[in-house]
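One structure is given here, and the rest of the page talks about it.
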Amino acid sequence: MTRRVRKAVLPVAGLGTRVLPGAKTTPKNMLNVVDRPILSYVVEEARTAGIEHIVFIVGRGQGAIEDYFDASPEIEQALAAKGKADILNEMRRDLPEPGQMSFIRQMAPLGLGHAIWCARDVIGDEPFAIMLPDMLMMAEPPALAQAVAAYERVGGNIVVVEPAPEGEAHKYGIVALDGRDGPLNRMVGMVEKPAPGTEPSNLFISGRYILQPEIFAILETQERGAGGEIQLTDGMAHLMKTQSFHALEYAGTTYDCGDKLGLLRANVAYALARPELADGARAAIRALL
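Just so you know, the numbering used here puts the end of the sequence shown at 451, numbered straight through with nothing missing.
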């Protein structure tokens, strides 16, 4: 019987160099998509998937993240006094119950694997999700919910993947599969940025994972890899020697909000998906074109 996935780790300590200068004073994951920070969508996705506790791995200068997921008595009182209940309810929907979020300082930018390792004591001996918040994944059901359903079916470790753009698989972390039959297939390896023409598949790792807690012991002693950082993919490749991994080709669309054009695409897509904004957004786009 598989143990339920109750916790998720969100590594948000990156500097956001691809979206500077916007991320100079605002954490990159707090940049807006329409009228909400990127993180608001990711947290909502986690909750929809049944996640009960979210662990943020933060860095210096990112207090705005913790403040966003806290009450704001002054603003709430002002909205209540003005009878703006709709806006007040929108603000309050992101607030967690006490004890449902943890914030851990990474202290040094040593890579994604190191960031995940920092969450070891909060996660404990439980399977857990990882959500890369740069990646907004528009899907129904949400991407992490699809991953949880796959995990409940096959157990082990789940890596969410999607097809790379034509001719660009060599730019990504690509999974190798033991056959391909439907959206969920057993993995036999991972290759980081394979040489063109050598890719074992066209499926790249896109930002949602479910991993077993044994990954922490591996990351603790792992040597630095590409870029002089502790790479999560290296740790997963080691764990694959003793545990099963499955790749889930999820149904949905990914927007890389760590990229300026990706952030722009996300704003357009999410505005068009809002019934109260869609017509106005289409008119604005047409006018600009």
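Here a beta-carbon is modelled for each residue, glycine too, at the ideal position from N, C-alpha and C.
Under a 10 Å Cβ-count criterion, Arg370 is classified as buried, with 16 or more other Cβ atoms of the shown protein chains found around its own Cβ. The Cβ atoms of Gln384 and Ile392 sit closer than 7 angstroms to each other. Thr188 is the residue among Asp197, Gln239, Pro345 and Thr188 whose C-alpha sits nearest the C-alpha of Glu228.
Counting only the Cα atoms, Asp343 lies some 25 angstroms from Ile292. Counting only residues of its own chain and dropping the five nearest sequence neighbours on each side, Val284 has a CB closer than 6 angstroms to the CB of Val217 and Ser264. Judged by DSSP secondary structure, Asp283 falls within the alpha helix (DSSP H) whose first and last residues are Arg282 to Ile285. When the beta-carbon positions are compared, Arg168 and Glu214 come within less than 7 angstroms of each other. Around Lys333, the same chain offers Lys355 as residues with beta carbons nearer than 7 angstroms, after the five sequence neighbours per side are excluded. Here the alpha carbons of Ala443 and Gln239 stand approximately 31 angstroms from one another.
One thing to note: Gly223 has its Cβ no nearer than 7 angstroms to the Cβ of Gln268.
Taking Ala277 as reference, the option from Ala247, Leu241, Ala307 and Val171 with the minimal CA-CA separation is Val171. At the C-beta level, Gly397 and Leu381 come within 7 angstroms of one another. With fewer than 16 other Cβ atoms inside 10 Å of its own Cβ, Gly261 counts as exposed. Between Leu410 and the set Gly318, Gly184, Leu425 and Ala431, the nearest pair of CA atoms involves Gly318. Secondary structure note for Ala291: its beta strand (DSSP E) is the uninterrupted segment Phe290 to Met293. Residue burial is scored here from C-beta neighbours: Asp296 has at least 16 other C-beta atoms within 10 angstroms and is therefore classed as buried.
Ile266 places its beta carbon 7 angstroms or farther from that of Tyr313. Within its own chain, the residues whose Cβ lies closer than 6 angstroms to the Cβ of Gln308, once the five positions on either side in sequence are excluded, are Tyr412, listed in chain order.
By DSSP's assignment, Arg370 forms a beta bridge with Met293. DSSP assignment within the region 393 to 449 yields the following whole beta strand (DSSP E) runs of 3 residues or more, N-terminal first: 407 to 411 and 415 to 418. In the three-state scheme derived from DSSP, where H, G and I count as helix and E and B as strand, Val322 is classed as strand.
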